[in-house]
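One line per chain: the protein sequences are A and B, in this order. Just so you know, we're using full-length UniProt numbering here: the first sequence kicks off at 1 and counts up by one. Just so you know, we're using full-length UniProt numbering here: the second sequence kicks off at 1 and counts up by one. Even for Gly, the Cβ is constructed at its ideal location relative to N, Cα and C. Worksheet: the structure to be examined is printed underneath.
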Amino acid sequence: MPLYHDDDQAMLAETASQFMGEEGAIAKQLRHWRDRDCKDGFGHGLWEQFGEMGFTGILVGEDDGGLGMGHVEAGIVLEEIGRNLTPSPFLTSSVLAATALNHGSDDVKGRYLPGLIEGKSVFAVAIDEGAKHRPETIACKAERSGNGFKLTGKKDFVVHGASADMLVVAARTSGSDSDEDGLTLFAVPKDAANMSHDAVRLVDSSIATHTSFDGVELDGDAVIGEVDNGRSILNAMLDAGRVGSAAEGVGVARGAMDMTVDYLKQRKQFGKHIGEFQALQHRAAHLYSEVEIARAAVIKAQQLLDGGSERASLMASVAKAKVAKTAGLAVREGVQMHGGIGMTDEYDIGLYMKRDRALQEFLGDAYYHANRVAELSGY
Amino acid sequence: MSDLESFRSETRAWLEANCPAEMREPVRDDADVYWGGRNATFKNDAQKAWFEACRDKGYTVPAWPKEYGGAGLSPAEAKVLREEMAAIGARPPLSSFGIWMLGPALLHFGTEGQKQRFLNEIARGEIRWCQGYSEPGSGSDLVSLQTYGEDKDDHWVVNGQKVWTSYADKADWIFCLVRTDKNDKYRGITFMLFDMASEGVSTKPILLISGSSPFCETFFDDVSVPKSYGEDVPAYVGEVNRGWDVAKYLLGHEREMISGADGGNTATIGAAMSRNAGELDPIMRAELAMFDVDALAYAAMGEKFLDEIKVGKAHPAQPNMMKYAGTELNKRRHELIMSAGGSTALEWESEETSGGKPARNWLRTKANSIEGGTSEVMLNVISKRILELPGG
C-alpha cells in the first residue's frame, strides 16, 4: 500500500478540512467555550454535527451502524482537529472507547454504539493512576460481588470524565498490580452510584477528572470482552489512541508551522521581512523536515494498524514519540518566532503550545514511547 | 498468476541459477565492488561470472531501454528485481557513476547518437566515468566555477582545476562542468564529456581525515576537447552554455542517492549496540532509543518519498529535505556507534576493528552533510522553494 492517501481518503481529507476549518475553527469553538468557562470544554452541538458528517462511527463496523473504515481515515479527521485545535470528544469516544467497544459483546455494542454514531453520547477512558502514563500497572480493583463486580480505586487524567455518558475503566480482577493477566475492562455508566469526579481545567482549557470509585456496583454485563483477559483489548485501545493522538499532534504541528511561516512572510523588522533572515529560514526549513518525517511515521503506523501487522505496536510508539518531539519543536519555534505578540492571549500561536503540552502527556510522552521502542526492540 | 507474479518467479529462478554464493556476501571493502572500465580487473571468477550474466541480461541497468543495454523493465518489474536481489543479499554486479549520474542525464538530455554510444558502454561496464563538478572555491556554490573552455571553432581548450573528483585516478572519461561564457553566471556553463587520457589531464589523490579516500584533485592544462565525437555525438550534453540545467537535474539524482532514500541508512542500532557493549549506560540507552525513533520515522519518510515520486506527488525540492535529514541522521548514528564501542572503536589498525572501520566510517560520515550540497544549502533550498520564504 503506498504511503499516501488514495482518492477516497483524499476526498475525506478535503471534507474534513473544510468542515473543521469552518465549524471547528479556533474562534468558533476553542475560544468560544473557553471564554464562557464551559464545564465540558467542548460544544455538544458540534459533536452532533460530527455525527451528521459520519465522523463519529469511522472506526465502528458497518454491521454495528458505523462506516467500517480504518485508522488512516480516523487520522485524517484527527489531523484537522489538531490543526484547528477543535475541542471534541472524538479521540476518547470514536477512537479509544470505540476500539474497546468493538471487542465487546453484541449487548454492550447495542447499548453504546448507536449513541456514539449519532453524536449524542460522549465516552471517556480511565487508564492512568498517577501523573504519568503507566498502563503496565493497574491497581484499581473490581471484586466479584453477587452477579457482578464492585469497583474500587482512583483514576487520573480522565479526559471528559465528568461529562461522559460512559467510562471505559481498566481494573484488576485478579493477580497483582503489574501482572499482564488479571485485567478486565468495564463500561461504567455515568450515573453509577459511588463514583465521583474531581474535574480540573487543564492548560489547554480541556477538562479532565480525578475519578474515584468507592465500591461502584457493576452488573456482569458491564464487562467489555472477557474477565481477566482485558490486557489485549487495552493494548489494542492504546495502540489506536497512540496513533490517533499522534495524528492530532501532526495537525497541531502543521497548524503552528503554517501560522509561523505566514508570519515570517509578513512581519517586517530592520527594514525587511524577517523571513529573509537566514537564521530564521534554516530553523523553519528544519522544522518543515521534522514535520514531514513525523507525518510519514504516522501514516505508516496507521497503515500497519489497519493491516493488522505485527510491527504496528512498535510503529505506534515511534509515531507518538516522533510527533511529541516534533510538535513540541513546532510550537516552541512558533512562539519564539512570533516574538512578543506570540506571548499574548489574543494571538492563537500560544493556544497551539498549550494543546501540544496536553497532547504530549496524553497516553504517554516521547520518553515513555522511546523507552517502549527500546523494549520492543529488545534492549 | 499475474504477469508480475510470474516475473517474480522467473527472476527468482534466474538469480538462483546465476548469482554465485560468493556474490551473496556483504561488501567488505572496495575490492568487493566491481567498477568496470578499460583497466578493470575482477577480484575472482565469481565476480566476473555475476557481472557477465547481469550484463548479458541487461541487469546492470535493468530499467534502461533494451537498445541502450538495459533490460527495459517497468518500474514495478525493476522493484521486483531489487526486492529479489535484496532477499538473497546479492551484490550489485556493477557500480558506476555512469549508471547513477551520467546515464540518467543522457536519457533525459542526450542525442540518439550519444545514447547509443555512451549508454551501451556504461551498461557493459566498458568505460568508467568520473564527475567534474566542484572546484577549489566553488563547493556548494557551483555556479561560481572558473574552469574555462576557450572556443577554438571545432574544439575547446580547457584550463582549470576540479576537486573532490571521486576515483578520478581510476576513471577513463569525465563528465565535467566547464565555463564557456564568462559574462553569464548560469547560462555560461557547458556540460562536457572527454577522455581522461587526453593530453594535459592529471590527477592527485586527496588524503582525508578518515585516512583514505576515493577523492582526487584533477588538473586541466590546455586540454583540447573536440566539439563532436562523430555524427550526432556531440561532446557536450544538452546545449552549449546551458549545462547548468543538466547539472541541476543530476544533483537531484545525487541527493536522492546520498539521502539513502532506498533504505540504506535507516536501520535501527539500539539492539546491536547493546549486544556489542553489554550493559548500556542508561543515558546512552535513552539516546539510542531516541535515535531509533528518528531512524524508523525517517525510514517511513523514505518509503513515502519513493511512493510519491512514482506518481509525481512529491515536491520537486523534496530530495533536498531527504538529503538534509538523512545525512544528519547518519552522522548521529556514527557518533552513537563510536560511543557504544568505547575505546575499542578508537583502534585505528587492529584486527578487532577490521582496520579501524568504526572510526574511519565515523569520520567519513562527516562529509555526508557537505558533499552533494551542504546541509545549509539544503535548508536554503527548502526555505525558498518549499516554504517560499522571501529574499534572494
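Short CB-CB distance (under 9 Å) between residue i and chain B
i       : result
K109(A) : no
K154(A) : no
A139(A) : no
V373(A) : yes
G21(A)  : no
V331(A) : no
G241(A) : no
Y352(A) : no
Residues near residue i in its chain [Cβ-Cβ closer than 7 Å; skip 5 each side]
i       : result
H108(B) : Y249
G263(B) : Low confidence applies to G263(B): its pLDDT is 38, below 50, so where it sits in the model is not reliable enough to give any reading.
R231(A) : E180, D181, L183
V381(B) : A317, N320
S245(A) : L91, K320, L359, F362, L363
P358(B) : I337, M338, G341, A345
Contact set for residue i: own chain, Cβ-Cβ below 8 Å, skip 5 residues either direction
i              : result
K109(A)        : D64, L101, N102
G334(A)        : A256, M257, M259, T260, G342, I349, Y352, M353
L106(B)        : Q114, K115, F118, L119, V237
I293(A)        : K322, T326
G342(B)        : A277
L15(B)         : E84, M85, I88, A90
K39(A)         : A162, S163, A199, I207
D7(A)          : none
residue 401(B) : An answer regarding residue 401(B) cannot be provided, because it is not within the stretch 1 to 392 covered by chain B.
Same chain only: Cβ atoms within 6 Å of residue i, ignoring 5 sequence neighbours per side
i       : result
T165(B) : C130, G132, C216, T218
G72(B)  : P65, K66
A247(A) : G75, L78, E79, V298
I209(B) : L363
Short CB-CB distance (under 9 Å) between residue i and chain A
i       : result
G391(B) : yes
A300(B) : yes
Y324(B) : yes
S274(B) : yes
G58(B)  : no
I382(B) : yes
A345(B) : no
R285(B) : yes
V293(B) : yes
M290(B) : yes
T268(B) : yes
Rounded separation between residue i and residue j - CA only
i       : j       : result
W35(B)  : A123(B) : 11 Å
S96(B)  : M196(B) : 16 Å
R283(A) : F194(B) : 42 Å
I224(A) : E25(B)  : 52 Å
L287(A) : D177(A) : 41 Å
S138(B) : T190(B) : 16 Å
R38(B)  : D172(B) : 7 Å
S2(B)   : A78(B)  : 16 Å
F220(B) : L251(B) : 23 Å
A131(A) : S163(A) : 21 Å
V223(B) : G271(A) : 50 Å
T180(B) : E150(B) : 7 Å
F51(B)  : E5(B)   : 25 Å
N159(B) : G58(B)  : 38 Å
S198(B) : V240(B) : 21 Å
D221(A) : G119(A) : 23 Å
A279(A) : G373(B) : 18 Å
K300(A) : P205(B) : 44 Å
Assigned exposure category for residue i - 16 Cβ within 10 Å defines buried
i       : result
T209(A) : buried
M11(A)  : exposed
D239(A) : buried
N368(B) : buried
A13(B)  : exposed
G57(A)  : buried
H315(B) : exposed
T211(A) : buried
S354(B) : exposed
S93(A)  : buried
A324(B) : In the sequence as presented, Ala is not what sits at residue 324(B); that position holds Tyr. Flag for Y324(B) reads buried.
I283(B) : exposed
* **contact_flag[the region 329 to 339 of chain B, the region 265 to 278 of chain B] where n(CB pairs < 8 Å) is 3 or more** => Put simply, the region 329 to 339 of chain B touches the region 265 to 278 of chain B. At least three CB pairs are less than 8 Å apart.
* Segment contact, 8 Å Cβ cut-off, at least three pairs: the region 79 to 89 of chain A with the region 19 to 28 of chain A -> Yes, since at least three Cβ pairs between the region 79 to 89 of chain A and the region 19 to 28 of chain A fall closer than 8 Å, the two stretches touch.
* Counting Cβ pairs closer than 8 Å, one from the region 187 to 205 of chain A and one from the region 145 to 165 of chain A, do we hit at least three? -> Three or more Cβ pairs closer than 8 Å define a contact, and the region 187 to 205 of chain A meets that threshold against the region 145 to 165 of chain A.
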